[in-house]
Amino acid sequence: MPDNSAGNNAMKNTVMKNFIGSRAMPDLVYHSPKEMSDLLALVDTHGTSARVVAGCTDFIPSIRTGRWCFDRELNLIDISKMPALNQIEKTDDELKIGAGVSLTRILESPEVKIHCPVLAQAVEQMASLQVRNTATMGGNICMASPAADTVPPLLVSDAWVIIRDDEGEHKVLLTDFFTGPGRSVLTQGQVLTHICIPMKKSNEAAWFQKIGTRTAVIISVVSAAVRVAISSGVCDTARIALGSVAPTPVRVAAAEQFLEGKLLDDQVIAECARMAAHAISPISDLRSSKEYRKDVAQTLVKRSILACREALK
Amino acid sequence: MKMPLTFMLNNQQTTIEVDARQRLLEVLRNQGGMTSVHRSCEEGECGACTVLLNEEPVNACLVLAASVQRATVMTSEGLVKNGKPHPLMKAFTDELGIQCGFCTPGMLMNAYALINRAGDNLLTDQIIRKTLEGNLCRCTGYVNIIKSVHTAQKAKLAGEWW
Numbered sequence: 000m001p002d003n004s005a006g007n008n009a010m011k012n013t014v015m016k017n018f019i020g021s022r023a024m025p026d027l028v029y030h031s032p033k034e035m036s037d038l039l040a041l042v043d044t045h046g047t048s049a050r051v052v053a054g055c056t057d058f059i060p061s062i063r064t065g066r067w068c069f070d071r072e073l074n075l076i077d078i079s080k081m082p083a084l085n086q087i088e089k090t091d092d093e094l095k096i097g098a099g100v101s102l103t104r105i106l107e108s109p110e111v112k113i114h115c116p117v118l119a120q121a122v123e124q125m126a127s128l129q130v131r132n133t134a135t136m137g138g139n140i141c142m143a144s145p146a147a148d149t150v151p152p153l154l155v156s157d158a159w160v161i162i163r164d165d166e167g168e169h170k171v172l173l174t175d176f177f178t179g180p181g182r183s184v185l186t187q188g189q190v191l192t193h194i195c196i197p198m199k200k201s202n203e204a205a206w207f208q209k210i211g212t213r214t215a216v217i218i219s220v221v222s223a224a225v226r227v228a229i230s231s232g233v234c235d236t237a238r239i240a241l242g243s244v245a246p247t248p249v250r251v252a253a254a255e256q257f258l259e260g261k262l263l264d265d266q267v268i269a270e271c272a273r274m275a276a277h278a279i280s281p282i283s284d285l286r287s288s289k290e291y292r293k294d295v296a297q298t299l300v301k302r303s304i305l306a307c308r309e310a311l312k
Numbered sequence: 000m001k002m003p004l005t006f007m008l009n010n011q012q013t014t015i016e017v018d019a020r021q022r023l024l025e026v027l028r029n030q031g032g033m034t035s036v037h038r039s040c041e042e043g044e045c046g047a048c049t050v051l052l053n054e055e056p057v058n059a060c061l062v063l064a065a066s067v068q069r070a071t072v073m074t075s076e077g078l079v080k081n082g083k084p085h086p087l088m089k090a091f092t093d094e095l096g097i098q099c100g101f102c103t104p105g106m107l108m109n110a111y112a113l114i115n116r117a118g119d120n121l122l123t124d125q126i127i128r129k130t131l132e133g134n135l136c137r138c139t140g141y142v143n144i145i146k147s148v149h150t151a152q153k154a155k156l157a158g159e160w161w
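Sequence order for the protein chains is A and B.
Quick note, the first sequence lines up with residues 0 to 312 if you use numbering that gives the first Met the number 0.
Quick note, the second sequence lines up with residues 0 to 161 if you use numbering that gives the first Met the number 0.
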């Protein structure tokens, strides 16, 4: 935004002109492409004035509360009506979920329930039925909130996303996707089209838990996901991810490595949880203090590993 | 951008001109005359604006009007048939599931979809609570609302339903 007063006046005028309801909305042009080629053409044509949306459950509050400001016309490209991005596909060893699939469809999908139950577990605790019926996992990822509840389960599942641009498809590991709060590696002209998740194996268990200021329809104070694989009694793969404790959802490598190659007894689990809490440096905000977040992270990691161990018995 | 919008509103094909900035909430209230769609938190927390979009409950405040092109929308006005209140509405009044009434249209739409989805399976308190978690009642009359949903489902299983 320009900092001279003339610029501010221009800004004010635009906002006044666009007053709808109680708060400002920029002029919108709505596009609903059906084919991938139409989508890429729209993204390319409109450049910086384009925004790709799906459920709009985050987009609408963001512009209405002024968190996002646009001083000119915005081209909204709604991908939720694209058949190609509205499917949950299963191949030999992965689940491929379109970016336009609603959270409710993920929750109700038998494939997700069997091959990535930890994701269903997280989705069930997200928002309300009304929001889940519209919101998408693609949107949850692209908004890049540190508190995105679908992300820790995806991180522990070693998921990756498929990004499309005019050069073709790019595969990006979810661990490399986020660069900060609300920021990701997505650049102008790129669209996240699919989320791919390797299927759960029989010697694996995964668990998700979150704590909020109440149980229903709430943003996480801390969320945790854990996946462990066990062969001949010892843990051979461990994944631990935490949400709302850093600028992005994070994996805690030190605690993961500590767990690998060890027998999952109570002492090891407690030490691993302590290491996970030690590795993070959360902030204090409206929802919670940093001390509480560290405490809760430790407890959630411990409970999640215990739940995995129980599931593998 | 102004655009024509055609959709089914309570079983009637409706065409109105909308601005792409408008949300379903504004279009239903201001152009559609469906004032049971209550405007409240406007960020998807309270559920007072719940309507059925293609038979699934959604918050009308979080849906762009432009995106309901050719879709089916139902508000609680659509429950009334020939001036007769729906058995679900009757259950809410009989069981005192209404106090001030502000949350009621949203509760009705969410409960209507729930009862229809449930088919012959009897709903439990737990399922009703989980489903209605996105509908806030500040009179905190939840106990009677849950009773109302049970009673309404009984009415449906007894064949009084539309």
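Think of the CB as a built atom: it goes at the ideal place given N, C-alpha and C, for glycine as much as any other residue.
Here the structure is a predicted model, which is why all the values come from computation and not from measurement.
When you compare only the Cα positions, how much space is there between residue i and residue j?
i: Asp119/B; j: Ala157/B; result: 11 Å
i: Ala296/A; j: Val150/A; result: 16 Å
i: Ser280/A; j: Ala119/A; result: 28 Å
i: Leu63/B; j: Ser222/A; result: 30 Å
i: Asp284/A; j: Gln11/B; result: 48 Å
i: Arg38/B; j: Phe58/A; result: 18 Å
i: Lys16/A; j: Ala146/A; result: Confidence is the limiting factor: at Lys16/A the pLDDT is only 43, short of 50, which leaves the residue's position unreliable and the question unanswerable from this model.
i: Val17/B; j: Asn29/B; result: 11 Å
i: Pro315/A; j: Ser303/A; result: Chain A is shown from 0 up to 312; residue 315/A falls before or after that span and cannot be answered.
i: Cys271/A; j: Ala306/A; result: 14 Å
i: Gly97/A; j: Ile105/A; result: 10 Å
i: Lys95/A; j: Val160/A; result: 9 Å
i: Cys115/A; j: Pro32/A; result: 30 Å
i: Arg69/B; j: Thr14/B; result: 10 Å
i: Gln98/B; j: Ala90/B; result: 14 Å
i: Ile140/A; j: Glu168/A; result: 18 Å
i: Asp319/A; j: Asp175/A; result: For chain A, the structure presents residues 0 to 312; residue 319/A sits outside this window and is missing.
i: Gly82/B; j: Val50/B; result: 20 Å
i: Lys289/A; j: Arg273/A; result: 15 Å
i: Ile126/B; j: Leu135/B; result: 16 Å
So which residues of chain A does residue i contact, with C-beta pairs closer than 7 Å?
i: Arg22/B; result: Ile59
i: Val57/B; result: Gln129, Asn132, Thr133
i: Glu44/B; result: Val216
i: Gly140/B; result: By Cβ distance, chain A contributes nothing, its closest Cβ being about 17 Å from Gly140/B, past 7 Å.
Which chain B residues are close to residue i, counting only those with a beta carbon under 9 Å from its beta carbon?
i: Asp77/A; result: Leu63, Ala65, Ser66
Who are the Cβ neighbours of residue i in its own chain at under 6 Å, not counting the five residues just before and after it?
i: Gly54/A; result: Thr133, Ala134, Thr135, Gly138
i: Phe177/A; result: Ala143, Ser183, Thr247
i: Thr13/A; result: Because Thr13/A sits at a pLDDT of 45, beneath the cut-off of 50, its placement in the model cannot be relied upon, and the following sentence gives the value as read from the coordinates. Answer for Thr13/A: Asp70, listed in chain order.
i: Arg292/A; result: Val221, Val244, Pro281
i: His85/B; result: Leu78
i: Thr103/A; result: Arg131, Asn132
i: Pro180/A; result: Pro145, Pro246
i: Thr103/B; result: Ile97
i: Gln152/B; result: Ile114, Leu122
Let's see if you can read the secondary structure: which residues bound the beta strand (DSSP E) around residue i?
i: Leu14/B; result: The identity of residue 14/B in the sequence shown is Thr, whereas the question assumes Leu. 11–18 is the extent of the beta strand (DSSP E) around Thr14/B.
i: Arg50/A; result: 49–52
i: His114/A; result: Here His114/A belongs to no beta strand (DSSP E); instead the alpha helix (DSSP H) covers 109–114.
i: Leu52/B; result: 49–52
i: Thr192/A; result: 190–197
i: Asn115/B; result: Looking at the DSSP string, Asn115/B is not in any beta strand (DSSP E); the run it does join, the alpha helix (DSSP H), is 103–117.
For my contact list, residue i and residue j are in at a C-beta cut-off of 8 Å; report their separation, rounded to the angstrom.
i: Val52/A; j: Ile76/A; result: 7 Å
i: Thr139/B; j: Glu94/B; result: With a Cβ gap of about 15 Å, Thr139/B and Glu94/B do not count as contacting.
i: Val220/A; j: Ser287/A; result: 4 Å
i: Leu107/B; j: Leu131/B; result: Actually they do not touch by this definition, with Cβ atoms about 11 Å apart.
i: Met0/B; j: Leu38/A; result: Actually they do not touch by this definition, with Cβ atoms about 19 Å apart.
i: Gly43/B; j: Gln124/A; result: Incorrect: roughly 16 Å between the Cβ atoms, too far for contact.
i: Met7/B; j: Val57/B; result: Contact doesn't hold; Cβ gap of about 15 Å is too wide.
i: Asp124/B; j: Ile145/B; result: 6 Å
The alpha helix (DSSP H) spanning residue i covers which residue range?
i: Val155/A; result: 150–155
i: Val91/B; result: Note on identity: in this sequence residue 91/B is Phe, with Val being the wrong assignment. Counting along the chain, the alpha helix (DSSP H) containing Phe91/B begins and ends at 86–93.
i: Gly137/A; result: 136–141
i: Pro325/A; result: The question about residue 325/A has no answer, for chain A in this structure spans 0 to 312.
i: Met274/A; result: 265–278
i: Met222/A; result: Reading off the sequence, residue 222/A comes out as Ser, not Met. No alpha helix (DSSP H) contains Ser222/A, which is instead part of the beta strand (DSSP E) from 221–230.
Output, in chain order, the set of chain B residues within a Cβ distance shorter than 8 Å of residue i.
i: Cys55/A; result: Leu61, Val62, Leu63, Ser66
Quick one: which chain B residues come within Cβ less than 7 Å of residue i?
i: Leu27/A; result: Met0, Ala19, Arg20
Leaving aside the five residues before and after residue i along the sequence, list all residues of the same chain whose C-beta is less than 7 Å from its C-beta, in chain order.
i: Glu76/B; result: Asn9, Met33, Ser35
i: Ile218/A; result: Ala146, Gly211, Arg286
i: Thr47/A; result: Gln187
Name the chain A residues that come within less than 8 Å of residue i, Cβ to Cβ?
i: Asn109/B; result: Leu128, Gln129
i: Thr49/B; result: Gln129
i: Glu132/B; result: Ser127, Leu128, Ala215, Val216
Give me the chain A residues within the contact set of residue i, using Cβ-Cβ distance strictly less than 9 Å, ordered along the chain.
i: Glu16/B; result: Per Cβ cutoff of 9 Å: no residues; Glu16/B is ~13 Å from chain A at best.
Beta-carbon within less than 8 Å of residue i's beta-carbon, same chain only, minus the 5 sequence neighbours each way: which residues are those?
i: Ala310/A; result: Ala204, Trp206
i: Glu93/A; result: Cys195, Ile196, Pro197, Met198
i: Gly260/A; result: Val233, Cys234, Asp235
i: Thr5/B; result: Gln12, Thr13, Thr14, Gln68, Arg69
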